[in-house]
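Visitor: Chains as they are written, first to last, in the working numbering: chain H, 34 to 348; chain B, 34 to 348. For each residue, glycine too, the CB sits at the ideal point set by N, CA and C.
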């Protein structure tokens, strides 16, 4: 596997040695469990590798840091084909390379189902980390990357509609679920733009903004008109409410309401959402979707939203 | 949990931030799987925490580095008592603190059995890492920490003899299996003493020296007379060959042969074994047990040894 530009000792010794040029290291670990975070019927081994890497790497970006390395612990049944493992490694290496990092260490063991634990390391290049706790009233809330695409892709797969219909846009949503593609470089960019708080959207926009609101002691207000619910999301919502009158949910949503629920509560896109001073001049990929106010919790169009329970994956 | 002196951001944000004063970070990951590396019937949750932490922290010490932080990923059945998890966290925190590190990050998930993945980070304080590949003919081989104690403890537990007999010495062997106690500070010490190669004994002395021999392109010669096979090990071997004529093995070993086999092939003591220039003046805890020669592989008293297959845990 490629070891990344900052790796001086990679896989093969007791431990790896990775550069930490600014004198500190940013580190996060995430698990990916078969049956909970992925199903082998839907995800290829390569998909699983990409998703496992993306989950941890996005946490590094959400601190405003640049990813440098991954360490991967992997447990699987002895019956798992060697090819599956090779494809998994390829997926991990691809996503690590996309983030500028290398796979520098690992451990393998036997278990009854596939369990992956990925630790990502990163460097702040001398900047302070962007925490969840720095938002202040008056800040704007902005997001880089798609929202609700992974949830829509999962809904399409669950309805058996992932493989049917137009390969184009709907295929893109399924791919967004199977192989999330976080905008890693938006993390350090946000830090340079003066972001006061940041988090990656792993549990859903409302749930994750709820963590920022709680840590910062502010209310975060979302303007639903600023959210993107048309395009592929709108098309997928229309297809699903056609296919299943309940739209694959138990809410009997209309297509626009279904698309909005994906955007507000869908997890696993690993897009970045941050707060910035109102005076910040943001590049186009940072879409302003709301503002920080005095108070607590998350409101959507002025109303408290029940989406804070978070993303439920398959169960 | 205590976060360690170098931690500027601990548990609770997207990622931790840990000091890396010398501009690089040493990192290793190890898994601990229920049924393979521990049995809940034998190990308390606290024991499991200590063992999981020790495995990864010893890898950091084996590079000559000082441990700074642990990140813990933990999957378990939903039926696991909350108390078990709290005791596990206590064991992890205890062993991390013993090594000078803090627990700075974690992730939890559901799985059918208990799976722990522990990533340890460390700092080299400006030194070069001590790799497996630096041994040269003429070096001495020395070990810090016990050998075979964990294997003897496992044999006592397996024979149902762990709780019987003298609580003292035999109890110490069982504790050595359940809660290994690596000599972390011997790692940086070895680096300062000029160690040319180092590894921690996780798979067994012969197996792990085999990795050093292969990486360095030398033969490593062990003098069995320099190994400690008496004391508690000798007593345990005598008890076990009394109890079961085959000594708990399929070799029909005599007590001294059984004790020697624990020392040569027993894993999980996580003691440190290193090579040093013959001119090095070693403090007493570094016991010289052999030398590096031209050639390949590992020999014991001049004969190739079959112990390179490594430690098999329970299966």
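How many whole angstroms separate the CB atoms of residue 325 (chain B) and residue 174 (chain B), which I take to be in contact at a CB cut-off of 8 Å?
Guide: Yes, residue 325 (chain B) and residue 174 (chain B) are in contact; Cβ-Cβ is about 7 Å, under 8 Å.
Visitor: If residue 152 (chain B) sits next to residue 62 (chain H), beta carbons under 8 Å apart, how far is it from one beta carbon to the other, in whole angstroms?
Guide: Contact holds; Cβ gap of about 6 Å.
Visitor: Would you call the region 41-55 of chain H and the region 88-108 of chain B touching, i.e. three or more CB-CB distances under 8 Å?
Guide: Touching, per the Cβ criterion.
Visitor: What would DSSP say about residue 67 (chain B), mapped onto helix, strand or coil?
Guide: In the structure shown, residue 67 (chain B) sits in a strand (DSSP, three-state: E or B).
Visitor: Whose Cβ in chain B lies nearer than 8 Å to the Cβ of residue 146 (chain H)?
Guide: Within 8 Å Cβ-Cβ: 144 and 145.
Visitor: The beta strand (DSSP E) that contains residue 44 (chain H), what's its start and end?
Guide: From DSSP, residue 44 (chain H) is part of no beta strand (DSSP E); its letter is neither H nor E.
Visitor: What three-state label does DSSP hand residue 88 (chain B) in the structure shown?
Guide: Helix.
Visitor: Roughly how many whole angstroms lie between the Cα atoms of residue 223 (chain B) and residue 334 (chain B)?
Guide: Taking the straight line joining both Cα atoms gives about 25 Å.
Visitor: Could you list the residues in the region 100-117 of chain B with a C-beta less than 9 Å from some C-beta on chain H, going in chain order?
Guide: Per Cβ criterion, the list reads 101, 102, 104, 105, 106, 107 and 108.
Visitor: Step through the CB atoms of chain H and report whether any lies within less than 8 Å of the CB of residue 249 (chain B).
Guide: No, residue 249 (chain B) does not count as interfacial toward chain H.
Visitor: Is the region 291-299 of chain B touching the region 179-189 of chain B in the sense that three or more CB pairs, one from each, lie closer than 8 Å?
Guide: Yes, since at least three Cβ pairs between the region 179-189 of chain B and the region 291-299 of chain B fall closer than 8 Å, the two stretches touch.
Visitor: Which bits of chain H does residue 66 (chain B) rub up against, with CB to CB less than 9 Å?
Guide: Result: 108, 142, 143, 144 and 148.
Visitor: Excluding the 5 residues flanking residue 66 (chain B) on each side, which residues of the same chain have their C-beta closer than 6 Å to its C-beta?
Guide: If we look at residue 66 (chain B) and ignore the five residues flanking it on each side, its Cβ neighbours are 148.
Visitor: Sorted by chain position, which residues of the same chain lie with C-beta nearer than 7 Å to residue 111 (chain B)'s C-beta, five sequence neighbours on each side aside?
Guide: For residue 111 (chain B), where only same-chain residues beyond five positions count, the Cβ hits under 7 Å are 143.
Visitor: Closer than 6 Å by C-beta to residue 250 (chain B): which residues in its own chain qualify, once you throw out the five before and the five after it? Chain order, please.
Guide: None.
Visitor: Just the chain H side, please: which residues come within less than 8 Å of residue 313 (chain B) by C-beta, in chain order?
Guide: Residues of chain H passing the Cβ test: none, with the nearest at roughly 20 Å.
Visitor: When the Cα atoms are used, what is the spatial distance from residue 74 (chain H) to residue 170 (chain B)?
Guide: Approximately 54 Å between the Cα atoms of the pair.
Visitor: In chain order, what residues of the same chain have a beta carbon less than 8 Å from the beta carbon of residue 94 (chain H), not counting five sequence neighbours either side?
Guide: Cβ neighbours of residue 94 (chain H) beyond the five flanking positions: 100, 132, 155, 215, 216, 217, 218, 219, 220, 221, 233 and 305.
Visitor: Does residue 162 (chain B) have its Cβ less than 8 Å from a Cβ in chain H?
Guide: Yes, residue 162 (chain B) counts as interfacial toward chain H.
Visitor: For a contact meaning CB atoms closer than 9 Å, what does residue 121 (chain B) contact in chain H?
Guide: Here the premise fails: no neighbours, minimum Cβ distance about 15 Å.
Visitor: Buried or exposed: where does residue 193 (chain H) fall if 16 or more other Cβ atoms within 10 Å of its Cβ makes it buried?
Guide: Exposed, by the Cβ-count rule.
Visitor: Could you list the residues in the region 226-237 of chain B with a C-beta less than 8 Å from some C-beta on chain H, going in chain order?
Guide: Cβ contacts with chain H: 231, 232 and 233.
Visitor: For the beta strand (DSSP E) containing residue 49 (chain H), name the first residue and the last one.
Guide: First-last of the beta strand (DSSP E) with residue 49 (chain H): 49-52.
Visitor: In angstroms with no decimal places, state the Cα-to-Cα distance between residue 198 (chain H) and residue 146 (chain B).
Guide: Its pLDDT being 49, under 50, residue 198 (chain H) is placed unreliably in this model, and the value from its coordinates should be taken loosely. For residue 198 (chain H) and residue 146 (chain B), the distance between alpha carbons rounds to 40 Å.
Visitor: Establish whether the CB of residue 54 (chain B) and some CB of chain H are separated by less than 8 Å.
Guide: At least one chain H Cβ lies under 8 Å of residue 54 (chain B).
Visitor: So which residues on chain H does residue 172 (chain B) lean against when the C-beta distance must stay under 7 Å?
Guide: Near residue 172 (chain B) there are no residues of chain H at all, since even the closest Cβ is about 18 Å away, more than 7 Å.
Visitor: What does residue 138 (chain B) touch in chain H if you count any residue whose Cβ is under 7 Å from its own?
Guide: The contacting residues are 60, 61 and 62.
Visitor: So residue 167 (chain H) and residue 230 (chain H) are supposed to be a Cβ contact under 8 Å. How far apart are they, rounded?
Guide: Indeed, because the Cβ distance is near 4 Å, the residues count as touching under 8 Å.
Visitor: May I ask you to report which of helix, strand or coil DSSP gives residue 272 (chain B)?
Guide: Three-state result, residue 272 (chain B): helix.
Visitor: May I have the straight-line CA-CA distance separating residue 318 (chain B) from residue 130 (chain B), to the nearest angstrom?
Guide: Distance between the alpha carbons of residue 318 (chain B) and residue 130 (chain B): 22 Å.
Visitor: What is the DSSP secondary structure of residue 155 (chain H), reduced to helix, strand or coil?
Guide: Residue 155 (chain H): strand per DSSP, three-state reduction.
Visitor: Quick one: is residue 286 (chain B) near chain H, going by C-beta distance under 8 Å?
Guide: No, residue 286 (chain B) does not count as interfacial toward chain H.
Visitor: Determine, for residue 197 (chain H), whether the minimum Cβ-Cβ distance to residues of chain B falls below 8 Å.
Guide: Low confidence applies here, because residue 197 (chain H) scores a pLDDT of 46, under 50, leaving its location unreliable and the question unanswered by this model.
Visitor: In angstroms, rounded to a whole number, what distance separates the CA positions of residue 38 (chain H) and residue 64 (chain H)?
Guide: Cα to Cα, residue 38 (chain H) sits roughly 25 Å from residue 64 (chain H).
Visitor: Is there a Cβ from chain H that is less than 8 Å from the Cβ of residue 44 (chain B)?
Guide: Output row for residue 44 (chain B): interface = no.
Visitor: Please name the residue, chosen from B:303, B:205, B:271 and B:228, that lies closest to residue 311 (chain B) on a Cα-to-Cα basis.
Guide: Ranking the options by Cα distance to residue 311 (chain B), first place goes to B:228.
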